[in-house]
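Asks:
In full-length UniProt numbering, the protein residues as written are 1 to 116.
1. With distances taken Cα to Cα, identify the nearest neighbour of residue 59 among 37, 6, 114 and 24.
2. Using a Cβ-Cβ cutoff of less than 8 Å, which residues in the same chain neighbour residue 79 once the five nearest sequence positions on both sides are dropped?
3. Which term fits residue 69, buried or exposed, when burial requires 16 or more other beta carbons within 10 angstroms of its beta carbon?
4. Output needed for residue 9: all residues of its chain with C-beta closer than 6 Å, excluding positions within five of it in sequence on either side, in chain order.
5. Out of curiosity, what's the CA-to-CA distance linking residue 99 and residue 48?
6. Just tell me which of 7, 3 and 2 has its CA closest to the CA of residue 119.
7. For residue 101, which of helix, strand or coil comes out of DSSP?
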């Protein structure tokens with residue numbers, strides 16, 4: 001039994017931007033608080049704002065891990081992008097691509113406008 005897909009949404013973000021975002025994350029594992037060295041830095045570099053304990057880079061945020069995951073992502077999604085691109089050309093669905101490097105509010109507004 002198939003499912004009709006009315007819209008396919010892709011967020012376009014360059015791999016290097018994804019790596020920067022993820023590899024810059026720091027975590028306080030005991031509390032779950034997260035920081036980013038550029039976008040949300042702790043008050044004291046490498047230390048949790050509340051406890052002063054060391055922050056860590058999780059294994060899944062390390063650059064080599066992120067790049068490997070991106071490779072898997074591209075390999076697995078390339079056929080889907082091709083398939084739904086053809087479906088959109090045939091008029092069977094709508095394929096929408098958004099700039100994922102914009103602020104969340106901007107991307108949300110773009111999506112709302114496209115779906116209106």
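Built from N, CA and C at the ideal position, the CB exists for glycine as well.
Replies: Working from what's here:
1. 24
2. none
3. exposed
4. 96
5. 32 Å
6. Outside the shown range of the chain, which is 1 to 116, sits residue 119, and nothing can be said about it.
7. coil
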